[in-house]
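Undergrad: Here it is, the structure in full.
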Amino acid sequence: MTQDHDQSARQATNHPVYRPAARHLHWATAAGILVMLPLGFAMTYRGETMDVWDGITNAMFSTHKLLGFLLLWLVAGRLLYRLLKGAPPDEPSLRPWQKHLSHAVHWLLYGLLLVVPLLGWIGISLYPSLTIFGLFDLPALTGPDQPRAERALAVHGLLARVLMVLAALHVAAALQHHFLRRDGVLRRMLPGLKPRG
Ligand code: HEM
Ligand code: HEM
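Set out below in structure tokens:
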């Protein structure tokens, strides 16, 4: 979709950039994911691999569940905004295959950003393990069924790894555009950057 390129969303070089709301939502999601991935691995290592189930492990699980739950709504809002407002037209120097590949990766990222936390929420509903910091429960999506909980959480962990790999490729592509190709791709998401020679 390319209907969103109003004057306020342009930089000095007159190349369209993402709207401020789209950029804020992008960086908030990126920060959330960069916390959730290591936290998910660290808490399962501490709890399941090392078998340490103390206050710290429980706090890590509670933080992961609560932050992931909030992130799910943030991503839902971001996706809705994207569908309603679109994105600026592609950076003109990109070849057609680069445009197709970047669109495919972006939509896959959006899909995983929804499916991964949803599977986490379904998993803890089935387990059930909905309590956060011993203070309150997240709403249950389904009744208890532990074998299915284990399957849902295994797929959650697997898809979180796929998300990690795709996000790493995405970041590498963004940095490659900025430092090697020296085009305007990163400036679309970070319009404070100066145009480069
Ligand atoms: C985008 C958000 C999320 C990401 C990137 C993420 C990522 C991860 C990762 C990397 C693991 C470790 C998997 C492993 O070691 O095999 C994990 C485990 C887990 N996550 Fe998430 N997660 C997210 C959201 C959620 C949500 C919303 C919940 C629940 C409300 C949740 C509940 C869990 C639980 C219970 C585990 C432990 C699974 C097990 O015991 O095998 N996660 N997550
Ligand atoms: C340092 C980290 C990151 C950098 C430098 C970066 C950079 C960018 C840039 C430059 C764009 C715009 C691409 C274009 O103009 O076509 C973009 C879009 C996007 N990024 Fe990132 N990103 C980062 C992290 C992430 C993470 C962690 C995620 C999610 C896992 C993510 C998800 C997305 C999505 C879904 C889009 C598509 C936006 C749209 O068109 O609606 N990014 N990113």
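Numbering-wise, my numbering comes out as the position in the sequence shown, counting from 1, plus 1027.
A virtual CB, placed ideally from N, CA and C, is assigned to each residue, including glycine.
Is the number of C-beta pairs between the stretch 1044-1064 and the stretch 1119-1130 that are closer than 8 Å three or more?
TA: Verdict: no, contact absent.
Undergrad: Going by alpha carbons, who is nearest to residue 1265 out of 1208, 1170, 1218?
TA: Only positions 1028 to 1224 of the chain appear in the structure, and residue 1265 is not among them; the question remains open.
Undergrad: Does any heavy atom of ligand 2 sit closer than 8 Å to the C-beta of residue 1087?
TA: It does not: the Cβ of residue 1087 is nowhere closer than 8 Å to a heavy atom of ligand 2.
Undergrad: Verify the contact flag: residue 1117, CB atom, against every heavy atom of ligand 2, threshold strictly below 8 Å.
TA: Result yes, Cβ under 8 Å from ligand 2.
Undergrad: Give me the residue from 1193, 1151, 1133, 1116 with the minimum Cα distance to residue 1177.
TA: It is 1151 whose Cα lies nearest to the Cα of residue 1177.
Undergrad: Between residue 1050 and the rest of its own chain, which residues show a CB-CB distance below 7 Å, the 5 nearest in sequence each way excluded?
TA: Closer than 7 Å at Cβ, skipping near neighbours: 1216.
Undergrad: Would you please state the rounded distance, in angstroms, between the beta carbons of residue 1143 and residue 1186? I believe it to be under 8 Å.
TA: Yes, they are in contact, since the Cβ atoms of residue 1143 and residue 1186 sit about 5 Å apart, within 8 Å.
Undergrad: Report the option in 1088, 1081, 1055, 1168 whose CA atom is closest to the CA atom of residue 1071.
TA: Of the listed residues, the one whose Cα sits closest to residue 1071 is 1088.
Undergrad: Alpha carbon to alpha carbon, how far is residue 1202 from residue 1214? Give it in angstroms, no decimals.
TA: Their Cα atoms are separated by approximately 11 Å.
Undergrad: Whole angstroms are fine: how far does the CA of residue 1100 sit from the CA of residue 1148?
TA: Using only the alpha carbons, I get a separation of about 12 Å.
Undergrad: Could you compute how far the alpha carbon of residue 1085 sits from the alpha carbon of residue 1220?
TA: Roughly 41 Å between the two C-alpha positions.
Undergrad: Does at least one heavy atom of ligand 1 sit under 8 Å from the Cβ of residue 1187?
TA: Residue 1187: yes, Cβ under 8 Å from ligand 1.
Undergrad: Pick helix, strand or coil for residue 1163, following the three-state DSSP scheme.
TA: Three-state DSSP puts residue 1163 in a strand.
Undergrad: Looking at the unbroken alpha helix (DSSP H) that takes in residue 1113, where does it start and where does it end?
TA: Residue 1113 -> no alpha helix (DSSP H), and no H or E assigned at all.
Undergrad: Assuming residue 1137 is part of the alpha helix (DSSP H), what are its boundary residues?
TA: Note, residue 1137: alpha helix (DSSP H), 1123-1153.
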